[in-house]
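Novice: All residue numbers for the sequence shown refer to our numbering, where the first residue is 2 and numbers rise by one.
Shown below is the structure under consideration.
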Amino acid sequence: MNAPVAGKFLWIFLVLLLMHQALLAQRTIKPANTDDKAGVTPKISYDSQGKPISNRGNGGKDSLQKRDRFADSITIYYRYFDSSRIRTIDSSINDYSTRFPQPYWFINLGNLGTASKSLWFNPVLKSGWDAGFHQYDLYSYFIEDTKFYQTTRPYTELAYALGSNAEQLINLSHTQNKKSNFNFGFDYRFINSPGSYKNQSNAHNNIRFNATYQSLNKKYGAYLILISNKHVVAENGGLVDISQINNLALNDPFELETRLGVSGVVSRNPFNTSITTGNEYKDNTVLFRHFYDFGKKDSIVTDSITYKIFYPRLRLQHTFKISGYDYHFKDQNIDSAKYHNYFGMTFISGTNNRYISLEDKWATVTNEFSVITFPDKNNQSQFLKVGTGLQSLKATTAIATIKNYNIYLLGEYRNRTRNQIWDIEATGNLYLSGFNSGDYNAYISLKRLLTKKLGYLQLGFQNVNRTPSFIYSPENSFLVTTSQSLKKENTTKLFARYENPTKNLVLGGEYFLMTNYTYFDGFFTAQQSSTVFNVLHLSAEKKFKLSKHWNLYSEIHVQPITGNPPVHLPFLLTRNRIAFEDNGKFFTNLFISTGLELRYYTNYKADNYSPFTGQFFYQDNYSTSNRPDVNVFLHFRIKSFKAFVRYENINTLIPGNDKLNFSASNYANAGTWFRFGVWWNFVN
């Protein structure tokens with residue numbers, strides 16, 4: 002991004018702010034009708050602009066007709082891809098982490114947009130092919146989190162957030178129904194943060210387009226998703242001397258030397274998103290799913306109109322997915338002495354040692370065929386699905402060109418009963434032959450409404466047998482070595498969750514049993530544990546009503562580990578927010594939440610990080626000694642306009658030699674950080 006482009010963004014921001022005042026008539030977002038009646042034609046239809054028109058025959062000829070209740074409001078809801086559960090738009094303001102790309106249980110390398118990892122135990126629970134690069138997952142769009150909307154009017158949400166050191170976040174979402182049976186949506190996100198230290202700037206671009214269509218007779222339907230993610234992240238390898246943090250000549254950590262990057266070529270320019278040392282990852286995905294239903298026709302006849310109904314009983318479904326992935330590390334300014342001293346790499350003398358490039362490219366094509374039956378014609382949330390899939394794989398690495406395939410079976414049963422008491426989900430897949438032959442994933446979850454007072458109880462089980470991710474293979478380009486012949490990983494997960502909405506209480510527990518756990522214990526060395534170990538994760542969330550306007554939100558996570566496995570986790574992680582909140586009582590239409598936020602996790606031997614492989618790796622030499630993270634915030638909403646003002650890391654204002662926290666060895670977090678963001682909605 003250059004300066005003229007940045008100027009355009011500023012002009013767009015100002016113009017849209019004016020449009021918000023002029024165009025937005027503060028229309029009401031109506032809650033969706035969540036009755037899941039199959040095939041019933043809605044009582045409204047849409048014109049060519051996606052605006053609602055009455056579906057009541059020729060009533061428009063009457064000049065004294067009753068005013069259309071949809072004229073100044075919007076009814077909007079969405080479903081995630083592969084889900085039938087109806088959800089409504091979140092308008093809450095008390096928790097900024099629900100809108101910020103990084104949730105509170107994640108840490109990064111000292112700057113938003115750099116490699117991140119969960120403080121919870123979070124193994125890969127996915128069978129089949131996996132490249133293994135997940136450090137930027139927080140900043141990516143995925144098929145699974147795609148939202149398919151139904152809306153009575155075109156709806157747009159625009160967000161713009163600024164932070165210290167020119168950090169910026171831009172988020173745009175738009176959806177509209179061109180007709181009642183066709184909807185499309187568009188999402189765009191841009192994250193850019195130069196950071197506090199040398200050579201940690203980054204830029205993340207995410208684009209997603211999706212559409213859904215259903216024929217007028219409701220027998221044929223189709224889904225389309227297009228996703229593009231691009232991550233450009235500079236890597237500095239950590240600080241050369243962390244003791245210098247306490248002796249800054251200019252009181253600016255940017256003056257500190259880092260282990261990667263050359264001082265003379267690094268830049269803090271937020272409009273220059275190119276890098277000389279770091280990772281460039283790209284992935285593009287196109288998914289097309291279509292189906293044809295066989296079932297029963299019916300109709301409802303009223304005085305003025307007949308509503309056509311179609312009950313699907315048998316569905317034939319085909320899903321086509323094509324993806325391309327490019328993982329690239331480069332360093333155009335090699336310092337051979339630093340590489341040798343800090344990373345154990347020695348370059349051959351007499352050769353051009355000014356440039357290093359490590360790159361893997363993958364292409365996958367998947368065709369999946371399924372048959373779905375609906376036992377209860379009045380409940381589309383109950384179905385049985387069986388199918389098979391064929392996946393072709395092609396990789397280009399510095400070691401080899403790989404061509405392979407996978408053939409797998411899949412099955413699924415879901416049943417959310419019409420009385421909303423039971424919610425059952427069981428899924429599984431088995432790889433019969435090919436690159437990941439023998440992989441499987443079995444999952445079952447049972448959720449029940451106990452009583453309206455007692456809330457919900459969920460119990461579940463999952464077992465995953467998987468081939469270790471390709472980053473552990475010596476055939477990749479990233480100089481990975483291992484002295485073992487890697488076996489399949491096996492993970493068993495038991496989980497339980499209790500929710501009591503009336504008491505604002507959530508309790509949870511997860512138990513993991515790990516066999517053949519694969520991990521890194523160095524910048525390039527991979528290992529596989531020969532011992533079986535387990536990890537327990539217990540959690541509790543509760544909202545305490547302190548007074549009429551004061552609330553305390555508490556979240557606690559405990560993770561005891563038995564034995565001596567190659568895993569280090571903080572035993573305790575807690576976040577507490579005490580907030581003064583008002584919902585329009587003091588000032589009409591003003592919703593406010595302001596207060597203090599504290600996050601703390603106990604000291605532990607935090608994983609180190611390899612900028613070359615993009616992996617966090619196990620180590621036994623360094624332990625964190627961090628203070629609690631303390632933030633103050635002011636969040637407010639005026640109808641559809643939301644603003645978030647935050648001053649973060651005020652714990653670093655307390656004098657002392659260890660005022661900055663560390664997320665990993667030699668990776669210091671930022672000092673005090675100011676953030677201001679606005680989110681607002683447009684209804685055309």
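Where a beta carbon is used, it is the ideal one built from N, C-alpha and C, also for glycine.
#1: Straight-line CA distance for Thr157 to Trp106?
#2: With H, G and I counted as helix, E and B as strand and the rest as coil, what does DSSP make of Glu649?
#3: Hey, would you say Ile323 sits closer than 8 angstroms to Val287, going by beta carbons?
#4: Taking just the CA atoms, how far does Ala116 sit from Tyr755?
#5: Quick one: Cα of Thr519 to Cα of Ala527, how far?
#6: Look up Ile306 in the DSSP assignment and say whether it is helix, strand or coil.
#7: Straight-line CA distance for Arg57 to Lys309?
#8: Grab the span of the alpha helix (DSSP H) containing Tyr340 for me, first residue to last.
#9: With burial defined as no fewer than 16 other Cβ atoms inside 10 Å of the residue's Cβ, what is the status of Val465: buried or exposed?
#10: Let me know if Val568 comes out buried or exposed under the rule of 16 or more other beta-carbons within 10 Å of its beta-carbon.
#11: Are the region 298-305 and the region 197-207 touching by the rule of at least three beta carbon pairs closer than 8 angstroms?
#12: Quick one, are the C-beta atoms of Arg647 and Arg676 less than 8 angstroms apart?
#13: Beta carbon of Leu257, beta carbon of Tyr602: below 8 angstroms?
#14: With DSSP as the reference, label Lys489 as helix, strand or coil.
#15: What would DSSP say about Ser666, mapped onto helix, strand or coil?
#16: Could you tell me if Phe134 is buried or exposed, where buried requires 16 or more neighbouring beta carbons within 10 angstroms of its beta carbon?
#17: From the DSSP output, in three-state form, read off Ile108 for me.
#18: From Gln529, Phe524, Asn535, pick the residue whose C-alpha is nearest to that of Phe513; which is it?
#19: Which same chain residues, not among the five before or five after Leu450, have their C-beta less than 7 angstroms away from its C-beta?
#20: Quick check on DSSP: helix, strand or coil for Asp294?
#21: Take Pro502 and list the residues in its own chain whose beta-carbon comes closer than 7 angstroms to its own, dropping the five residues that flank it on each side.
#22: Cutting at 8 angstroms between CB atoms, please list the residues of its own chain near Lys522, excluding the five before and the five after it.
#23: Buried or exposed: where does Ala665 fall if 16 or more other Cβ atoms within 10 Å of its Cβ makes it buried?
#24: Please report the distance separating the alpha-carbon of Leu431 from that of Ile593.
#25: If you draw a straight line from the alpha carbon of Asn667 to that of Ser530, how long is it in whole angstroms?
#26: Gln245 by DSSP, collapsed to three states: which one?
#27: Please confirm if the region 493-512 is in contact with the region 534-553, defined as three or more CB-CB distances below 8 angstroms between the two stretches.
#28: Return the bridge partner residues of Pro469 from the DSSP annotation.
#29: According to the neighbour-count rule (16 or more other Cβ atoms, all chains shown, within 10 Å of its Cβ), is Phe311 buried or exposed?
#30: Throw me the rounded Cβ distance for the Ser478 and Ala399 pair, which I believe falls under 8 angstroms.
#31: Just mark Leu110 as buried or exposed, buried being the case when its beta carbon has 16 or more other beta carbons within 10 Å.
#32: Just verifying my parser: in three-state terms, what is the DSSP assignment at Lys504?
#33: Using only the alpha-carbon positions, how far apart do Ala39 and Ile306 sit?
#34: Quick one: complete beta strand (DSSP E) runs, 3+ long, within the region 434-459?
#35: Enumerated in chain order, which unbroken segments of the beta strand (DSSP E) with a length of 3 residues or greater are wholly contained in the region 110-170?
#36: Less than 8 angstroms between the beta carbons of Phe149 and Arg80, yes or no?
Specialist: For this structure:
#1: About 29 angstroms.
#2: DSSP, reduced to helix, strand and coil, places Glu649 within a strand of the structure shown.
#3: For Ile323 and Val287, yes; Cβs fall inside 8 angstroms.
#4: Limits of the chain in this structure are 2 at one end and 685 at the other, which puts residue 755 out of reach.
#5: Whole-angstrom Cα-Cα distance: 7 angstroms.
#6: In this structure, Ile306 counts as coil in the three-state DSSP scheme.
#7: Confidence in Arg57 is poor, its pLDDT being 42 and thus under 50, which makes the residue's placement unreliable; the coordinate value appears in the next sentence. Distance between the alpha carbons of Arg57 and Lys309: 14 angstroms.
#8: That run of the alpha helix (DSSP H) goes 337-344.
#9: So Val465 ends up on the buried side.
#10: Val568 is buried by the Cβ-count criterion.
#11: In short, these stretches do not touch, since the Cβ pair count stays below three.
#12: It is a contact, given that the beta carbons lie within the stated cut-off.
#13: Their beta carbons are not under 8 angstroms apart, which means Leu257 does not touch Tyr602 by this criterion.
#14: DSSP places Lys489 in coil when its eight states are reduced to three.
#15: Residue state for Ser666 is assigned as coil, using DSSP reduced to three classes.
#16: By the neighbour-count criterion, in which a residue is buried when 16 or more other Cβ atoms sit within 10 angstroms of its Cβ, Phe134 is buried.
#17: DSSP places Ile108 within a strand segment (E or B) once states are collapsed to three.
#18: Checking every option, the nearest Cα to that of Phe513 belongs to Asn535.
#19: Only Gln421, Ile422, Tyr457 meet the Cβ criterion.
#20: Here Asp294 carries a strand assignment [DSSP, helix/strand/coil].
#21: Gly456, listed in sequence order.
#22: Sequence check: residue 522 is Asp here, not Lys. Taken in chain order, the residues that qualify are Gln528, Pro567, Phe618, Tyr619, Gln620.
#23: Counting the other Cβ atoms within 10 Å of the Cβ of Ala665 gives 16 or more, which makes it buried.
#24: Cα atoms of Leu431 and Ile593: separation of roughly 50 angstroms, rounded to the nearest angstrom.
#25: Near 27 angstroms, if we compare the C-alpha coordinates of Ser530 and Asn667.
#26: DSSP places Gln245 in the helix class (H, G or I) of the three-state scheme.
#27: Cβ pair count under 8 angstroms is three or more, so yes.
#28: Looking at the DSSP output, Pro469 bridges to nothing.
#29: It counts as buried.
#30: Indeed, because the Cβ distance is near 4 angstroms, the residues count as touching under 8 angstroms.
#31: Burial call: buried.
#32: Reduced to three states, the DSSP call for Lys504 is helix.
#33: Since pLDDT at Ala39 reaches only 41, below the 50 mark, its modelled position is unreliable, and no value is offered.
#34: Taken in chain order, the complete beta strand (DSSP E) segments of 3 residues or longer contained in the region 434-459 are 441-452.
#35: Complete beta strand (DSSP E) runs here, min 3: 117-119, 148-152, 156-164.
#36: Yes, the Cβ-Cβ distance between Phe149 and Arg80 is below 8 angstroms.
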